[in-house]
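Inspection log for the structure reproduced underneath, given as structure tokens.
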Amino acid sequence: MKLLDGRVALVTGASHGIGRAVAKMYADSGAYVLALSRSHDTLHETVDDISRRGGRADAIIADLADPSAANDLAARILQQVGKLDILVANAAMLGPMARLAETDGAAWEEVFNLNLHGNFRLVKALDPLLQESDAGRAIFVSSGVARTCKAGWGAYAASKAALEALAKIYANETIDTNLRVNVVDPGRVRTAMRAAAYPYEHPMTLPAPEDMTGVFLELASPQCAHHGETLKA
Ligand SMILES: NC(=O)c1ccc[n+]([C@@H]2O[C@H](COP(=O)([O-])OP(=O)(O)OC[C@H]3O[C@@H](n4cnc5c(N)ncnc54)[C@H](OP(=O)(O)O)[C@@H]3O)[C@@H](O)[C@H]2O)c1
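In the numbering used here, the protein residues as written are 175 to 407.
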């Protein structure tokens, strides 16, 4: 018996990096994985890889920056697999690395639209399914800069701080339910986003995404006792 046998998990941003590693680890742990991102080819690499290893996964191609993307998601999931137990809200963008006064307004809004509003829309659309689960789990992927608020990390840091607030609000709203809502701070991980943020850093000095997925398993498991917490990977 595997820890996530019988569970259905939606992982956003599953075509690369942390999301891909979490999707694969969940499938290895017995979950049926719905892997979501924008790009067909790289997302299908994730799904095909899971199938080759004997796991179960489907691709959902969607742009979470599109305000209508979440509209039919619950219906699609119900039709495809009949339920949802675990949401990993992982997809995000870095946006401009610039001082506030030099940040373009449209670029600021683009970052908030995906990193914060996209996840709000997911919660709104998927809450009924998560509440129906006997052990619903919502995991929001944040960043250390949500709390350090480093100079020059403007929209990304502010959107992640707001995402942590959103997760806390959701946790407070669901305290008396079977739902457990938590935040993961992945730390430094070898991905394309990290390379864009730190172009002069040697990638091989960083942990691989596959090396930091343990906390995602702990928070997804039916036994998870955490609620309203931010855990480091
Ligand atoms: N890597 C680190 O060191 C680090 C540190 C702290 C926090 N984080 C957080 O960890 C999470 C994963 O980051 P990562 O480093 O793995 O990034 P990554 O390798 O750039 O992957 C980002 C994922 O998000 C998807 N995505 C981007 N825009 C999207 C959209 N509009 N709609 C749907 N999917 C979209 C991308 O796929 P498509 O392009 O195919 O859509 C990709 O699968 C993020 O929330 C990030 O803020 C990472």
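Each residue gets a CB set at the ideal place from its N, CA and C atoms; glycine is no exception. A quick note: this is a predicted structure, and the numbers were derived from the prediction, not measured.
Judged by the Cβ position, residue 203 fails to qualify as a neighbour of ligand 1 at the 7 angstroms threshold, every heavy atom of the ligand being at least this far. Not one heavy atom of ligand 1 sits closer than 7 angstroms to the Cβ of residue 333. With a threshold of 7 angstroms, the Cβ atom of residue 313 does not count as near ligand 1, since no heavy atom of the ligand is closer than that. For residue 215, the enclosing alpha helix (DSSP H) starts and ends at 214-226. The alpha carbon of residue 373 has as its nearest neighbour, out of 185, 183, 271, 221, the alpha carbon of 271. No residue range can be given for residue 257, since it is assigned to no alpha helix (DSSP H) and is classified by DSSP as neither H nor E. Going by DSSP, residue 352 is part of no alpha helix (DSSP H) at all; its letter is neither H nor E. Under the three-state reduction of DSSP output, residue 357 falls in the strand class.
DSSP places residue 333 within a helical segment (H, G or I) once states are collapsed to three. Counting C-beta pairs closer than 8 angstroms gives fewer than three between the stretch 273-289 and the stretch 191-207, which falls short of the contact rule. Along the stretch 246-305, the alpha helix (DSSP H) occurs as fully enclosed runs of 4 or more residues at 247-255, 279-286, listed in sequence order. For residue 363, the Cβ falls inside the 7 angstroms cut-off from some heavy atom of ligand 1. Residue state for residue 364 is assigned as coil, using DSSP reduced to three classes. Residue 300 is positioned such that its CB atom lies closer than 8 angstroms to that of residue 261. The alpha-carbon of residue 258 is positioned some 8 angstroms away from that of residue 310.
Take the alpha-carbon of residue 206 and the one of residue 345: they are about 25 angstroms apart.
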